[in-house]
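Colleague:
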Amino acid sequence: MKDTNCGYCMRGELLEKFGIYICDLEVSTLILFKEQSKRGRCIVAYKDHVSEIVDISDEERDKFFADVARAARAIHKVFKPDKLNYGAYGDTGCHLHMHLCPKYKDGDEWGGTFTMNPGKVFLTDKEYAEMIEQIKAAL
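What the sequence shown shows, in my numbering, is residues 5 to 143, in sequence order.
(1) Rounding to the nearest angstrom, what Cα-Cα distance links residue 116 and residue 67 in this structure?
(2) What does a CB cutoff of less than 7 Å around residue 142 pick up in its chain, not counting 5 residues either side in sequence?
(3) For residue 133, report the span of its alpha helix (DSSP H) as first-last.
(4) Please check the pair residue 57 and residue 100, which I expect to be a contact at CB under 8 Å, by giving their CB distance rounded to whole angstroms.
(5) Any chance you could list the alpha helix (DSSP H) runs of at least 4 consecutive residues sitting entirely within the segment 5-33, in chain order?
(6) I need the boundaries of the alpha helix (DSSP H) containing residue 67, first residue and last residue.
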């Protein structure tokens, strides 16, 4: 099931407003968050347009969390954060997804919740491409 107004479902211009497609995982899509004030921040979005974790079977939930763990391992390997925060939101988007937000002791917001869209750090296309290649290699 897809929602034509959802960037996770439709990709293209809707996704490009906030993220860059990295690859498909077993039951989800891995996306690089464009705003990179937390270097290595990604999103794991479930393959179908469902709102809640309870909307999928136990088997699919387990596969989704395996995808989250796989992405988290790659982020740890490449970016070496001091902590990785996990956030599942979607009050308005209503597509099951999880933000993987690396935190660094010497960075901003250490010890607090990460800001959803701080709008501080955007990279060049080349820098995004290099990050994506590093993440793919670590998967």
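By construction, the Cβ of each residue, glycine as well, lies at the ideal position given by its N, Cα and C atoms. Note that the structure is predicted; figures quoted are calculated from it, not measured.
Modeller: Per the coordinate set shown:
(1) 29 Å
(2) 78, 81 and 82
(3) 129-142
(4) 6 Å
(5) 11-14 and 16-20
(6) 62-83
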